[in-house]
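Structure record follows, encoded as structure tokens.
In the numbering used here, the protein residues as written are 1378 to 1660.
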């Protein structure tokens, strides 16, 4: 009996030594909340101090090298509360957006010494272009960390081109506040043209005929009169100055210089019906 008591005391002594060394100390449980991209997604209970790698393995989440992971201890408000830990994961992601942008067209003004001063003419319509804008955004969680923009032109804009007249024939005065030159009268009939055969000869007005000038011969209009000649076949028109008499063929109303005929597209036809407007000037 005495021997049994000694064995029991010895056993209690060994148990005391084990408890003192921590061998039988129970592992403490901790609560860990999991927050991914700012939203709480899970809550775990683990034994012993939480370790980041074990927690990630426990929630079965594959992470990229760019992802951000942070494990922090949250202090309890009082001793009765459990000790909380928080595992925060911010995932890296990219988003791509495409937008179509309209490109405005530019305007260009050119001087034309064959167009009457004060007149303008559009020789090319302006057209808008377009391009695709690609926006590539990089996020870490909800935070935008980088943004790149790339452009791919679909169609280039076409410049609008306006011609501005600078031509001032003798006896003509340009009046700034007139949008159009006043028309004194109109007539319609057949026109012809004369060129190299008469180049360098003296005209009825006393001038030397220059087939490269914008001039014309008319049966009765005063010298230096300005007339607007339109050729309906081509839709083109020109303003010429009367410095000669003609045509000398019955039924024709005007004889144009070679330059004027080429300008309205009459030259290849030889003759053609035109519409003539007599313009107001200071002559």
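For every residue, glycine included, the Cβ atom is placed at its ideal position computed from N, Cα and C.
Cβ-Cβ separation between residue 1469 and residue 1441: approximately 6 Å, consistent with a contact (criterion under 8 Å).
Sixteen is the threshold: when 16 or more other Cβ atoms of the shown chains lie within 10 Å of the Cβ of residue 1518, as they do, the residue is buried.
Residue 1511 sits close to residue 1473, with the two beta carbons spaced by under 8 Å. Looking at the DSSP output, residue 1419 bridges to 1411.
Contact between residue 1536 and residue 1501 holds: CB atoms are separated by about 7 Å, below the 8 Å threshold.
Burial of residue 1427 is indicated by the presence of at least 16 other C-beta atoms within 10 angstroms of its C-beta. By the Cβ test, the segment 1523-1537 is not in contact with the segment 1572-1592, since fewer than three Cβ pairs between them sit closer than 8 Å. Taking C-alpha positions only, residue 1507 is separated from residue 1530 by approximately 6 Å.
The DSSP-derived three-state label of residue 1581 is coil. The C-alpha of residue 1582 lies about 19 Å from the C-alpha of residue 1573.
In the three-state scheme derived from DSSP, where H, G and I count as helix and E and B as strand, residue 1505 is classed as coil.
By the 16-neighbour rule on beta-carbons within 10 angstroms, residue 1417 is exposed.
If you look at residue 1537, you'll find it in the beta strand (DSSP E) that goes 1537-1544. Here residue 1604 is actually not in contact with residue 1640; their C-beta atoms are around 14 Å apart, not less than 8 Å. Annotation for residue 1652: 1565, 1607 place their beta carbon closer than 6 Å to its own, counting only its chain and skipping 5 residues before and after.
Around the beta carbon of residue 1625, fewer than 16 other beta carbons lie within 10 angstroms, which makes this residue exposed.
Excluding sequence positions up to five before and after residue 1476, its CB lies within less than 6 Å of the CB of 1510, all in the same chain and listed in chain order. Sixteen is the threshold: since fewer than 16 other Cβ atoms of the shown chains lie within 10 Å of the Cβ of residue 1504, the residue is exposed.
Listed as beta-bridge partners of residue 1496 by DSSP are no residues whatsoever. Rounded to the nearest angstrom, the Cβ distance from residue 1650 to residue 1567 is 6 Å, consistent with a contact under 8 Å. Around the C-beta of residue 1422, fewer than 16 other C-beta atoms lie within 10 Å, and the residue is accordingly described as exposed.
Remark: C-beta atoms of residue 1409 and residue 1429 do not approach each other more closely than 8 Å. Residue 1522 and residue 1514 have their C-alpha atoms roughly 8 Å apart.
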